[in-house]
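First the structure, in the form of structure tokens, and then the observations on it.
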Amino acid sequence: DGGITQSPKYLFRKEGQNVTLSCEQNLNHDAMYWYRQDPGQGLRLIYYSQIVNDFQKGDIAEGYSVSREKKESFPLTVTSAQKNPTAFYLCASSLDRGIEAFFGQGTRLTVV
Amino acid sequence: GNSVTQMEGPVTLSEEAFLTINCTYTATGYPSLFWYVQYPGEGLQLLLKATKADDKGSNKGFEATYRKETTSFHLEKGSVQVSDSAVYFCATNFGNEKLTFGTGTRLTIIP
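Listed in order, the protein sequences are those of chains G and D.
Quick note: the first sequence, position 86, residue 102 per our numbering, numbers continuous.
Quick note: the second sequence, position 16, residue 14 per our numbering, numbers continuous.
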């Protein structure tokens, strides 16, 4: 079945460490997105990519980095520069920018 | 600037009650409009969409009509069930740009 796979579902990180969240899609979608969700809040866009080897900062890119070396993969690295990384991270993809997006199941990151 | 404003929650209803969750947008163009639903601990699922004025999106008993004159896309359901308890997000793409989401409305249905 086609879809978006995020891994791991739960992730614990010590302060000062970088951590990479995986996002893979087999929908052949060009556009991919990373969102952050905090309790009781909406979704905030971190980064998005419309084609391979190209990506743009979203509204809250500081402390995060991404790569898009393959069409199906869009990993997100949460660096030690991110001051408050504990959150629920959602990856999404769409056939083209602005068209409805399909979401993965999310990764809950906790800094301990 | 462009924005989406969504009815604040939480909303608590009894089973079989009528549901309305308000959503309005501001945009210079003619965006597509979406409603997404998020169940606890999961990602978002597309519930319904409308791409032009007067379109009605519908799915699982939920409906929303694209009202250009009032720049609104309110979500409605005639008779809610306990299984409808979730967080609902209104979203728009403001004319083929990236999706922008409202803040979400938590809905709880009590038996």
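Cβ atoms here follow ideal geometry from the backbone N, Cα and C, with glycine treated the same way.
Keep in mind the model is a prediction, meaning the values are calculated, not measured.
Note on geometry: alpha-carbon atoms of K58/D and E31/G lie some 44 Å from one another. Per DSSP, the unbroken beta strand (DSSP E) holding F104/G starts and ends at 103 to 110. Two segments are said to touch when three or more pairs of C-beta atoms, one from each, lie closer than 8 Å; by this definition the segment 52 to 66 of chain G touches the segment 80 to 92 of chain G. In terms of beta-carbon proximity, L73/D stays away from the interface with chain G, with every pair separated by 8 Å or more.
Check the Cα spacing between C107/G and each of F28/G, V127/G, A47/G: the tightest is with A47/G. In chain order, S30, F32, Y34, L44, K47, A89, N91, L97 make up the part of chain D whose C-beta sits under 9 Å from the C-beta of E116/G.
Counted as a single uninterrupted DSSP element, the beta strand (DSSP E) harbouring K75/D occupies residues 73 to 75. L106/G belongs to the set of residues whose beta carbon lies under 8 Å from a beta carbon in chain D.
By the neighbour-count criterion, in which a residue is buried when 16 or more other Cβ atoms sit within 10 angstroms of its Cβ, I19/D is buried.
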